[in-house]
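Per UniProt numbering, residue 1 is the first one in the sequence shown, and the count goes up by one each step.
All C-beta atoms in this analysis are idealised placements derived from N, C-alpha and C, irrespective of residue type, glycine included.
Single-structure report; data block below.
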Amino acid sequence: AQKLDENDPVVTTVYGKLRGVKKELNNEILGPVVQFLGVPYAAPPTGERRFQPPEPPASWPETRNATHFAPVCPQSIVEGRLPDVMLPVWFTNSMDVVSTYVQDQSEDCLYINIYVPTEDVKRISKECARKPGKKICRQGG
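Pasting the structure below:
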């Protein structure tokens, strides 16, 4: 396992290096994470690859910036919003927030977002294992 520098989070993958960013979640339970956004998990399914089985992504020689979301796969948007019927009932309360993330669409959309707990989260988890009654450890605290 690689030791992650939270101030300059760079990891090495089989395809190349990725630079992420530490994100404070402003939540006692969900503490800070390092996020690596828009990480390719397959080659773009465009051109001759369209409707073909996935292929591994191409490697990258430089450190890849993984601090922004990649485009999402094409989806039906009506008047700047996703139709409510496309999402679970519990998700429709956040439609305005979700709609902002689906504006950038492309067939080149085979990316994942990875969230890695920071040392702060690991420390809090250990503390909660020792003292589960602490306010920070209780659900809904």
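Collapsed DSSP secondary structure at residue 38 in the structure displayed: Three-state DSSP puts residue 38 in a strand.
N-terminal and C-terminal residue of the beta strand (DSSP E) that residue 18 is part of: In the DSSP assignment, residue 18 falls within the beta strand (DSSP E) that extends over 17 to 19.
Same chain only: Cβ atoms within 6 Å of residue 139, ignoring 5 sequence neighbours per side: Any reading at residue 139 must be qualified, since the residue scores a pLDDT of 47, below 50, and its modelled position is unreliable; no value is offered.
Alpha-carbon spacing of residue 47 relative to residue 118, whole angstroms: Spanning the two alpha carbons is a distance of roughly 39 Å.
Residue 130, DSSP secondary structure in three states: Residue 130 falls in the helix class under three-state DSSP.
Helix, strand or coil at residue 7 [DSSP, three-state]: In the three-state DSSP reduction, residue 7 falls in the coil class, being neither helix nor strand.
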